[in-house]
Amino acid sequence: MTWFISPAHAEDAAPASAPAVVPPAPTETHTEVGHEAGGKAPFPPFDTQKYPSQILWYVVFFGLLYLLMKRFLVPRLSTIVEGRAARIAGDMEEAQRLRVESDKALGTYEKALADARTSAHAIAQAGTDEAKAAAVKQRADIESSLTAKLEEAEARIGEIKAKALGDVGAIAEDAAAAVVAALSGQQPSADEVASAVSSVSAK
Amino acid sequence: MANDPIHQFHIQEYFPLGQFGGMEFHFTNSAFAMGATVAIVVGFLVLATAKRSLIPGRLQSVAELAYEFVAGTLRSSAGKEGMRFFPLVFSLFMFILVANFFGMFPYFMTATSQIIVTFALAMTVMLTVVIYGFMRHGFGFLGLFVPSGVPMAVVPLVSAIELISFLSRPISLSVRLFGNMLAGHITLKVFAGFVASMASLGAIGIGGAILPLAMTVGLTALEFLVAFLQAYIFTVLTCMYLNDALHPGH
Numbered sequence: 001m002t003w004f005i006s007p008a009h010a011e012d013a014a015p016a017s018a019p020a021v022v023p024p025a026p027t028e029t030h031t032e033v034g035h036e037a038g039g040k041a042p043f044p045p046f047d048t049q050k051y052p053s054q055i056l057w058y059v060v061f062f063g064l065l066y067l068l069m070k071r072f073l074v075p076r077l078s079t080i081v082e083g084r085a086a087r088i089a090g091d092m093e094e095a096q097r098l099r100v101e102s103d104k105a106l107g108t109y110e111k112a113l114a115d116a117r118t119s120a121h122a123i124a125q126a127g128t129d130e131a132k133a134a135a136v137k138q139r140a141d142i143e144s145s146l147t148a149k150l151e152e153a154e155a156r157i158g159e160i161k162a163k164a165l166g167d168v169g170a171i172a173e174d175a176a177a178a179v180v181a182a183l184s185g186q187q188p189s190a191d192e193v194a195s196a197v198s199s200v201s202a203k
Numbered sequence: 001m002a003n004d005p006i007h008q009f010h011i012q013e014y015f016p017l018g019q020f021g022g023m024e025f026h027f028t029n030s031a032f033a034m035g036a037t038v039a040i041v042v043g044f045l046v047l048a049t050a051k052r053s054l055i056p057g058r059l060q061s062v063a064e065l066a067y068e069f070v071a072g073t074l075r076s077s078a079g080k081e082g083m084r085f086f087p088l089v090f091s092l093f094m095f096i097l098v099a100n101f102f103g104m105f106p107y108f109m110t111a112t113s114q115i116i117v118t119f120a121l122a123m124t125v126m127l128t129v130v131i132y133g134f135m136r137h138g139f140g141f142l143g144l145f146v147p148s149g150v151p152m153a154v155v156p157l158v159s160a161i162e163l164i165s166f167l168s169r170p171i172s173l174s175v176r177l178f179g180n181m182l183a184g185h186i187t188l189k190v191f192a193g194f195v196a197s198m199a200s201l202g203a204i205g206i207g208g209a210i211l212p213l214a215m216t217v218g219l220t221a222l223e224f225l226v227a228f229l230q231a232y233i234f235t236v237l238t239c240m241y242l243n244d245a246l247h248p249g250h
């Protein structure tokens, strides 16, 4: 296996091995003209004569590619690819934030609604209570005035009754005097009639 | 020569850059393939991310898919911490993937069919693992070779095995990619060569060439799968090795 590699090391080993490389130079031009004539020309990939140029150009071109990649192309590509990933992540985050915000807003709205409902309830309750109280008071007023009127009426009735009862004796005396006068034809004296009536009514 | 399946792996030197320390440097077809690969990767990613739209277009979707795919692989094996290596892992994945696909075009070189390129890729990973491992954990990184819960008597043996397996990682990593790309392209070329050589035999040959042609079509599809699969396997293994650098204790 090492025979693939040893020529490369020989080239890397620099000037020390140089004299060994120089002499076959004429053969190289020979191989260029026509390798079939030479017959002894090495299999092209193993032709150590051509190695220095190839290593040189590899270093030049690959070095150039690497430099361009590192300084210029990879940063450009990665800004595109990673930038997109970052933007997607940012958008997702923003959406999440907005969602949380809207959830919060919904919460406040619901709380406000509940508050309004309770306050409305309280106001309605207060109104009902007030109305009820007013009605009760009015009723009490009416009742008291009615009671007063009733009492007044009762007092008047009592008065009238007492007056009437007072009149009953006189009427009874008149009636008794008239009845006696009609039955006996004699006019009884007022005192007799009065005593007779009061004795009857006392019973 | 057109039918030589090895021909496609030849390094053609377009123009010399000079010598240094006795080594010759040229701009080659493999260098062109690597340069084109980097240009395609960078061009594609720049174009795809130009609009930076929140809702991706077609091109941006593909770029994002690649990003998510590699990031997911890295995260699942090395954790969130492993993302510090993302530029490296993403570079490796895109480089190998596009280099493999680039090689699927006719007349174009497959840079990943050169062992030295795949070895350089593997060494990039291993050096990152070793250097970062020592930087972060100091000598604690060597705990990687001493699994916990092993009796003292067998620790030397287990450590030796762990060390060998660690040292063989760059080899297996590079040879796997190299071997797959090489073998796939050789097979493809061999079957395509059959088509050409049988068709040149005349009427019967043309009839007979249908079979290797069908094989070539099927193998091309398979090669596209392998091109992706090898890039993925390389990436997954890289992530696992990087995880060792982050968490050396077993």
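Chains X and P, in that order, are what the protein sequence lines are. Under the numbering used here, the first residue of the first sequence is numbered 1, with each subsequent residue one higher. Under the numbering used here, the first residue of the second sequence is numbered 1, with each subsequent residue one higher. From the three backbone atoms N, C-alpha and C, an ideal C-beta is built for every residue, glycine too. Here the structure is a predicted model, which means the values were calculated and not measured.
Start-to-end residues for the beta strand (DSSP E) that takes in residue i
i      : result
V17/P  : Note that residue 17/P corresponds to Leu in the displayed sequence, not to Val. Unbroken beta strand (DSSP E) run through L17/P: E13 to F20.
H10/P  : Element bounds for H10/P: n/a, residue is neither H nor E.
M240/P : Premise fails: M240/P lies in the alpha helix (DSSP H), I210 to L246, not in any beta strand (DSSP E).
E24/P  : M23 to T28
Continuous alpha helix (DSSP H) stretch holding residue i: start and end
i      : result
H185/P : V155 to A199
M104/P : Looking at the DSSP string, M104/P is not in any alpha helix (DSSP H), and its letter there is neither H nor E.
H137/P : I115 to H137
L68/X  : Y51 to L68
M83/P  : First-last for M83/P: undefined, no H or E at that position.
P75/X  : V74 to S184
L65/P  : R58 to A78
D47/X  : Looking at the DSSP string, D47/X is not in any alpha helix (DSSP H), and its letter there is neither H nor E.
D191/X : A190 to A202
Distance between beta carbons of residue j and residue i, contact taken as under 8 Å
i      : j      : result
S30/P  : Q114/P : 6 Å
Y66/X  : L88/P  : 6 Å
I206/P : P44/X  : Actually they do not touch by this definition, with Cβ atoms about 32 Å apart.
L59/P  : L47/P  : 6 Å
T252/P : L177/P : Within the shown structure, residues of chain P are numbered from 1 to 250, placing residue 252/P beyond reach of any answer.
A176/X : V197/X : 6 Å
T253/P : A120/P : Absent from the model: residue 253/P. The displayed extent of chain P is 1 to 250, so no value can be given.
I82/P  : N180/P : According to the sequence displayed, residue 82/P carries Gly and not Ile. The Cβ separation is near 25 Å, so there is no contact.
G249/P : G143/P : 5 Å
S53/X  : F25/P  : 5 Å
E64/P  : V81/X  : 6 Å
V42/P  : L73/X  : 7 Å
F166/P : F194/P : With a Cβ gap of about 43 Å, F166/P and F194/P do not count as contacting.
M240/P : S76/P  : The Cβ separation is near 10 Å, so there is no contact.
F116/P : I55/X  : A small correction: the amino acid at residue 116/P is Ile; Phe does not occupy that position in the sequence shown. Right, the Cβ-Cβ distance comes to about 6 Å (below 8 Å), so this counts as a contact.
Q187/X : A181/X : 5 Å
A199/P : A209/P : 5 Å
Nearest candidate by alpha-carbon position, reference residue i, set the options
i      : options                           : result
L219/P : L201/P, A196/P, G208/P and T187/P : T187/P
P199/X : A140/X, G169/X, A178/X and S119/X : Sequence check: residue 199/X is Ser here, not Pro. Nearest C-alpha to S199/X: G169/X.
F61/X  : T37/P, S53/P and T28/P            : T37/P
A122/P : L183/X, Y58/X and K163/X          : Y58/X
D253/P : A227/P, K189/P, F20/P and E223/P  : Residue 253/P is absent from the model: chain P starts at 1 and stops at 250.
G133/P : V41/P, H247/P, A39/P and P56/P    : H247/P
L213/P : S197/P, F102/P and D244/P         : S197/P
M69/X  : T49/P, M215/P and L54/P           : T49/P
A227/P : L201/P, A183/P and G202/P         : A183/P
M126/P : I171/P, I55/P, R52/P and L201/P   : I171/P
R84/X  : L242/P, G35/P and S53/P           : S53/P
V130/P : L163/P, M152/P and A153/P         : L163/P
G166/X : S201/X, T118/X and A148/X         : S201/X
L97/P  : S165/P, R136/P, F145/P and M34/P  : M34/P
T216/P : H185/P, A245/P and C239/P         : H185/P
P56/P  : T79/X, E94/X and L64/X            : T79/X
F224/P : G22/P, F44/P, F102/P and R84/P    : F102/P
F214/X : Q230/P, F9/P, F27/P and S61/P     : Shown here, chain X extends from 1 to 203; a query on residue 214/X therefore has no answer.
Cβ-heavy atom distance, residue i to the ligand PLP, below 6 Å
i     : result
E82/X : As for the ligand PLP, it is missing from this structure, which has no ligand bound.
Cβ of residue i within 7 Å of any chain C Cβ
i      : result
K111/X : Looking at the structure shown, chain C is missing, and the protein chains on hand are X and P.
* With a cut-off of 8 Å, do at least 3 Cβ pairs link the stretch 5-21 of chain P to the stretch 80-94 of chain P? -> no
* Asked: Any chance the stretch 56-73 of chain P sits against the stretch 229-247 of chain P, with 3 or more Cβ pairs inside 8 Å?
  -> yes
* Can you find at least 3 beta carbon pairs, one from the stretch 90-110 of chain X and one from the stretch 99-110 of chain P, that sit closer than 8 Å? -> Contact fails: fewer than three Cβ-Cβ distances are below 8 Å.
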